[in-house]
Each structure stands twice: as C-alpha cells, then as structure tokens.
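Here is the structure we will look at, set down as structure tokens.
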Amino acid sequence: MNNKYEKLFETVTLPNGVELRNRFVLAPLTHISSNDDGTISDVEIPYIEKRSKDVGLAINAASNVNDIGKAFPGQPSVAHDSDIEGLKRLAHAMKKNGAKALVQIHHGGAQALPNLTPNGDVVAPSPVTLKSFGQTEEHAAREITPEEIEQTIKDFGEATRRVIEAGFDGVEIHGANHYLIHQFVSPYYNRRNDEWSDHMKFPTAVIDEVLNAKEQYANDDFIVGYRLSPEEAESPGITMEITEQLIHTITEKSIDYVHISLGDIHSKTREGKYAGQERLKLIHQWVNGRMPVIGVGSVFTADDALDAIESTEVELVALGREILLDYNFISKIQEGKEDQVLSEFDPNREDKHGLTPNLWNQFNEGFYPLPRKDK
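Its first residue numbered 1, the sequence shown is counted upward by one per residue in the working numbering.
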C-alpha cells in the first residue's frame, strides 16, 4: 500500500467501545432488489456481500419499519417478524468478512409511494403534494394523526428488535433525504399546531424508542447511528441553524455516530449566518468529538477518500456510487493498485459491475448521476 493512504486504514472506536477496522463505510444504497413483499431476495445477497467485504462499517439499504412507509420498489422490509429469516441471511453475508453490519431503519413519510402502500395511503407531518421515487406526477400525502405518530415511533422500536434478532450489529436511523423523520424537522413539511410542531420532538422520540429496544434486547455493543441532511432547498426549510440545533440535541443521546447525507463532501451552506462555509466542517465542529462523523458525497478515487478525511477531519468516509462501480475499491488501495480503480460506469462490462439486474438497469438508463465511460 502507498504510505499516503495509511490514514484510511486506521481503526475507529465508537462511543460504545466497538472498534471499526478502517475508516470506510458502505453507504445505505437503494438497490430496489428485494422481493415485492420486502423479504430479502437471492440476488441481493451476493451484491451486498461483495460491497461489505472490505469496509469497517456496512449499512444495508433503507428498510421500511411499517407498510405505510414503503418508498421504493424492491425496498427491504423490517416491518414484520416474517422478515427476520431473510434478514438473518443478509446479516451473515454482510458480516462474513469482518465488517460491522447495520440496517438503516426508514419511513418514507410523504415520499412513500401510493402504489406500494395499503389502500394507496400516504402520510406526512402536514398535508403536502410532491413527486417521489421515479414518479412523473405528484401524489398527495395526508396529515398523520397523533395516534399514528405514536404507533410509528413504536414501529421503529419493533424494527430494531427484529434487526437484533436477525444478528446485525446495529441500526442507522434514517433522518435524512426528505423522509418522515427529516419531514418532522423541516418547517416546510411540518406546519402542525399540536405538540409535534416541535421540530426536535419526533427525531428524539424515535432515538429514545430505538435505544429502549437496544437496552431490552441487545448488548451494549449494539451500534445506533443517525443520518441527517443538513440543509434543504424548500422554503421555509431546514437551515444550517436548525441543523446546529439538531446536532446538539441528538448528540446528547447515547448514539454512536452521525452520518451526514451530502452530494459532495465539500458542499457549502447556501444562506444564513454560515453561508459559504462547508457543511461537513461545521457539523464536525458542532459534534465536537462526542462521536464519529461519517461524510459522504462524490468520493470516486483513493485521493477523494483521503481528502474527505484530511480536509474535513471527519472520522469516517462513506462510499456510495463508487463502491457500486467497483466493489474492490478498498482492496485495490490496500494492495497499491489505486490506479486500477474503476470510477466510471461501463454499460458494456460483461460482469455489469456486479450489480443486481434492477440496479444495473437504473445505472444504464442514467437514473443516478455518475461518471460514464460512454459519455
């Protein structure tokens, strides 16, 4: 290995004492490849095993905690006890080569797809219309009732229990990307007049429920992480000032890391008193060493990964599109073959990058922005 990359292979210790073998994280990527009922499919097992084999921490795709929260075709489910057997297979595949394996627990909220939810019902903090995954026309979401909010919180706890029973090492609470938890934080989506108008109340309630499930069913070394999006384009939306409040609120809880969802590691704040400053650097300052921060966004080369760690000072770097293009990304760096890393999508590759058929089709059709060999 080239000595310059040694920092990427340093161990990282989480607040609960668990040691990660390196600084690499498999991002929780939407693979649209589970069975229609949300159970784990045969095609996703080898796909996820390849991408988990070299990372320190592997996070499976967003997995819905109840049926009304389903936001993607082929989304894995943690909503039913009948999901557990398939999840056990998934946990084994992800942990097989030494990674710590997590499930990202998720509710789509307004972004749930009516064609995938019971009776086409979609809920949100407040009524809203929007387009979601792959849609050409808007759908409507109704206001979730207080009773349904309480049940949804319990559903996150029950999902955590199932993840524990399946043998995973932890969960990541999905509070990012305009899904339900994010929506409660956002002034754009949450225009309520009841107790749930407090933008910090729902995320903290979910965290508490998950931590209670951990205390009841798991050991101290069970990992609980939280993912968030730091700023949104909607107005009035989440600002960096709101994100600062959220960071200070959730890092008081006994969680083990925060994961910042970004399209680019170096993305900058759009407006407000922090305008022009890099979001990730700000968040790392606010966390102030209480737990590791995971950064993600447009890391396609070994130098990108190193820059993410050195320039922002985050402890962990997540690989998204790049590890889909080249599941040997990490091992190539470790073996001194970083110049052989595949950083472009090649529609003519016979192995189709080791992607599931559904995911390869999406790449081929240009659903996700990424470098391409044919452009």
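For every residue, glycine included, the Cβ atom is placed at its ideal position computed from N, Cα and C. Since the model is a prediction, treat every value here as computed from it, not as a measurement.
Where residue i falls: helix, strand or coil (DSSP)
{"i": "residue 52", "result": "helix"}
{"i": "residue 24", "result": "strand"}
{"i": "residue 188", "result": "coil"}
{"i": "residue 295", "result": "strand"}
{"i": "residue 93", "result": "helix"}
{"i": "residue 182", "result": "helix"}
{"i": "residue 163", "result": "helix"}
{"i": "residue 201", "result": "helix"}
{"i": "residue 142", "result": "strand"}
{"i": "residue 302", "result": "helix"}
{"i": "residue 7", "result": "helix"}
{"i": "residue 268", "result": "strand"}
CB of residue i within 7 Å of CB of residue j, strictly
{"i": "residue 111", "j": "residue 179", "result": "yes"}
{"i": "residue 106", "j": "residue 62", "result": "yes"}
{"i": "residue 52", "j": "residue 99", "result": "yes"}
{"i": "residue 189", "j": "residue 124", "result": "yes"}
{"i": "residue 353", "j": "residue 325", "result": "yes"}
{"i": "residue 290", "j": "residue 243", "result": "no"}
{"i": "residue 224", "j": "residue 256", "result": "yes"}
Beta bridge counterpart(s) of residue i as assigned by DSSP
{"i": "residue 64", "result": "77 and 106"}
{"i": "residue 210", "result": "Note: residue 210 sits in no beta bridge, so no partner."}
{"i": "residue 174", "result": "227"}
{"i": "residue 377", "result": "Because the chain spans 1 through 375 in this model, residue 377 falls outside it and cannot be assessed."}
{"i": "residue 372", "result": "345"}
{"i": "residue 233", "result": "Residue 233 pairs with nothing; no bridge assigned."}
Residue i classed as buried or exposed, judged by whether at least 16 other C-beta atoms fall within 10 angstroms
{"i": "residue 183", "result": "buried"}
{"i": "residue 351", "result": "exposed"}
{"i": "residue 70", "result": "buried"}
{"i": "residue 230", "result": "buried"}
{"i": "residue 214", "result": "buried"}
{"i": "residue 54", "result": "buried"}
{"i": "residue 155", "result": "buried"}
{"i": "residue 58", "result": "buried"}
{"i": "residue 321", "result": "buried"}
{"i": "residue 75", "result": "buried"}
Rounded distance between the beta-carbons of residue j and residue i, thought under 8 Å
{"i": "residue 278", "j": "residue 293", "result": "Contact flag wrong, Cβ pair sits at about 13 Å."}
{"i": "residue 261", "j": "residue 296", "result": "7 Å"}
{"i": "residue 31", "j": "residue 44", "result": "6 Å"}
{"i": "residue 64", "j": "residue 79", "result": "6 Å"}
{"i": "residue 103", "j": "residue 319", "result": "About 18 Å separates the two Cβ atoms, so there is no contact after all."}
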